[in-house]
Amino acid sequence: QRWLREYDGYLQKERALSPATRINYAPFVGRFLVSRFGQGRVGFSKLRAPDVLKFVRRQASQLKTKRVLLMASALRSFLRFLRFRGEIKLDLAACVPAVASWSLSTIPRSLPPTQVEQVLAQTCKRSTAVGRRDYAILLLLARLGLRGGEVCNLTLEDIDWEKSRIAVRGKGERVVQLPMPADVGQAIAAYLKEGRPRLPGNRRLFIRSRAPLTGFKGQGSVGNVVKHALLRAKIDSPRKGAHQFRHSLASTMLQNGSSLSEIGELLRHRSPDTTAIYAKIDLLSLRSLALPWPGGAK
Numbered sequence: 006q007r008w009l010r011e012y013d014g015y016l017q018k019e020r021a022l023s024p025a026t027r028i029n030y031a032p033f034v035g036r037f038l039v040s041r042f043g044q045g046r047v048g049f050s051k052l053r054a055p056d057v058l059k060f061v062r063r064q065a066s067q068l069k070t071k072r073v074l075l076m077a078s079a080l081r082s083f084l085r086f087l088r089f090r091g092e093i094k095l096d097l098a099a100c101v102p103a104v105a106s107w108s109l110s111t112i113p114r115s116l117p118p119t120q121v122e123q124v125l126a127q128t129c130k131r132s133t134a135v136g137r138r139d140y141a142i143l144l145l146l147a148r149l150g151l152r153g154g155e156v157c158n159l160t161l162e163d164i165d166w167e168k169s170r171i172a173v174r175g176k177g178e179r180v181v182q183l184p185m186p187a188d189v190g191q192a193i194a195a196y197l198k199e200g201r202p203r204l205p206g207n208r209r210l211f212i213r214s215r216a217p218l219t220g221f222k223g224q225g226s227v228g229n230v231v232k233h234a235l236l237r238a239k240i241d242s243p244r245k246g247a248h249q250f251r252h253s254l255a256s257t258m259l260q261n262g263s264s265l266s267e268i269g270e271l272l273r274h275r276s277p278d279t280t281a282i283y284a285k286i287d288l289l290s291l292r293s294l295a296l297p298w299p300g301g302a303k
């Protein structure tokens, strides 16, 4: 625990990483330390390259590709921290193997628009405080394509009621002002008036429903809201997280004639290459590029 605290301070002060990144890195580093040293004394002078490789191989067999990528980044970061502190002399970060992950190799998994509206209409009991909160969260995901972590980090000051705007803190601590749709504003207002606990000093927009009454810890909390909403709507989705609403919004915009640049602007992509993956789901446009099958269509 002491090393995890010191590592977190290094990420915050020396690397200026966001809270979300620090929260995601910590569990992997903790597992690595426990796997190598157990409950005994931590001695980094005993750390060797085979220890790193053994841990990566064992974890990679249990995780999905994106989690393996995150785990490898966390491990490299921690090993650089140890070298920065003088705890190790060898560059063990170079021993962390690269993870095979080809760009644009997958297809975005999204919900059809009818299912998105079904989740919004049927899953939240807006007569309760939790229902009002969850409904506002789902609307932010569906209408603005916010990431789970961005929803968690929203504060009361981020809502500009006079100009109908909402400030979103994205990756790299970028702050982007987005227009706030009327139904989103109404849902947030209903939650603030008749759902959000009055907590002096706590400026988080969304508050846990169980003690301790604080803001959501991380994007996993928003993922749980989505998971339970899908179960209540009896929608068998291949993925249960918040990101599929983001993909659904992009897919709907594409079908309605929006350009990739417009989609990238709303989703706050830094590079056009990130938005390019949605070109793979534009079947109408892709049909015009496909060559005829030899011998005629079967």
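As numbered in my numbering, residues 6 to 303 make up the sequence shown, in order. Quick reminder that beta carbons are idealized off the backbone N, C-alpha and C, glycines included. Given the structure is predicted, the values throughout are model-derived calculations rather than measurements.
In this model, residue 263 and residue 285 are separated by some 15 Å (Cα to Cα).
The C-beta separation of residue 60 from residue 15 comes to about 20 Å, leaving the pair out of contact by the 8 Å criterion. Residue 180 has its alpha-carbon roughly 28 Å from the corresponding atom of residue 83. Separation of the CB atoms of residue 212 and residue 202 is rounded to 5 Å, and the pair is thereby assigned contact status at 8 Å. Residue 93 and residue 51 have their C-alpha atoms spaced approximately 9 Å apart.
Beta-bridge partners assigned by DSSP to residue 174: 180. DSSP, reduced to helix, strand and coil, places residue 28 within a helical segment of the structure shown. Under the DSSP definition of a beta bridge, residue 160 partners with 209. Nearest C-alpha to residue 101 among 123, 241 and 37: 37.
About 6 Å separates the beta carbon of residue 249 from that of residue 116, a gap short enough to meet the 8 Å contact definition.
Close CB contacts of residue 46 within its chain, under the 8 Å cut and outside five residues either way in sequence, are absent. No Cβ-Cβ contact shorter than 8 Å links residue 241 with residue 259. Per the C-alpha coordinates, the member of 106, 230, 144 and 233 positioned closest to residue 65 is 106. In terms of Cβ geometry, residue 98 and residue 81 form a close pair [threshold 8 Å].
The criterion of a C-beta distance shorter than 8 Å is not satisfied by residue 48 and residue 9. The three-state reading of DSSP puts residue 220 in strand, counting E and B together.
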